[in-house]
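Numbering-wise, the sequence shown is residues 1 to 203 according to the UniProt record's numbering. We put the beta carbon where it would ideally sit given N, CA and C, even for glycine.
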Amino acid sequence: MDWNQAYETGDFKNWDFGTASSELVALFAVKGLPPEGKRGVDIGCGGGWESILLAKCGFDVTGVDFSSNAIQLAKKRAEEAKVKVDFKQGNALALPVEDESVDFANDRGCLHVIPEEDRPRYVKEILRVLKPGGQLLLRGCRELTDKLKEAAGEREIAIKPLAKETIESLFSPDHFTLGPILPLRLMGQTNGIPGNIVLITKR
């Protein structure tokens, strides 16, 4: 998929709803706000809403997205929200952050568009950047719906579902502790996309 084109044509509105997701808000409503100086990274930050929320919660945030157009939009929104976020164009397979520097990583729909053969590299990056005890909030679709297939049209289906078994096989218990993998509906299209959510902790 041409992510820059999506931000030029307005197709990004299929996953951009003018606010951070309710599940990210709920996480910090339950956990409480982080102590001062905690570092967050928003992987596949898109237009920046979740990065902005993390900054408002007190994180020192880096937002990373493959699309330069998404980064431009995210910077504009952060400026309007009067929060500081370090937005960087980059790849989830080579995150532009230092080793073991991240307390909290956020992924709403990035891993599920990474080709299956590249997913182990993604996991290695998570392992590299998280501090021991650092956490990843991971959300991705759990099945391909007819609406997703229809939206793709003649293009190759970009989304590869994150079934419970897939998540468990990627994040080895040698390095990670998985919370419960629970179903939810990701914001997207009509009635959302059936997805899974899990909070993963680096050992």
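DSSP, read as helix, strand or coil, puts residue 120 in helix. At a cut-off of 4 residues, the continuous stretches assigned as alpha helix (DSSP H) that sit fully inside the segment 43 to 76 are 49 to 56. If you look at residue 176, you'll find it in the beta strand (DSSP E) that goes 176 to 178.
A straight line joining the alpha-carbon of residue 167 with that of residue 28 spans about 23 angstroms. Annotation: residue 111 to residue 64 spans about 13 angstroms, alpha carbon to alpha carbon. Nearest Cα to residue 185 within the set 197, 101, 113, 77: 197.
Separation of residue 99 and residue 7 (C-alpha to C-alpha, rounded to the nearest whole angstrom) is 31 angstroms.
Three or more Cβ pairs closer than 8 angstroms define a contact, and the segment 48 to 67 meets that threshold against the segment 89 to 96. Residue 181 and residue 139 have their C-alpha atoms spaced approximately 10 angstroms apart. Within the same chain, Cβ atoms closer than 6 angstroms to the Cβ of residue 134 are found at 102, 103, 202, the five residues on either side in sequence being excluded. A Cβ-Cβ separation of about 6 angstroms places residue 54 in contact with residue 42 under the 8 angstroms criterion. In this structure, 13 is the residue among 143, 169, 165, 13 with its C-alpha nearest to the C-alpha of residue 73.
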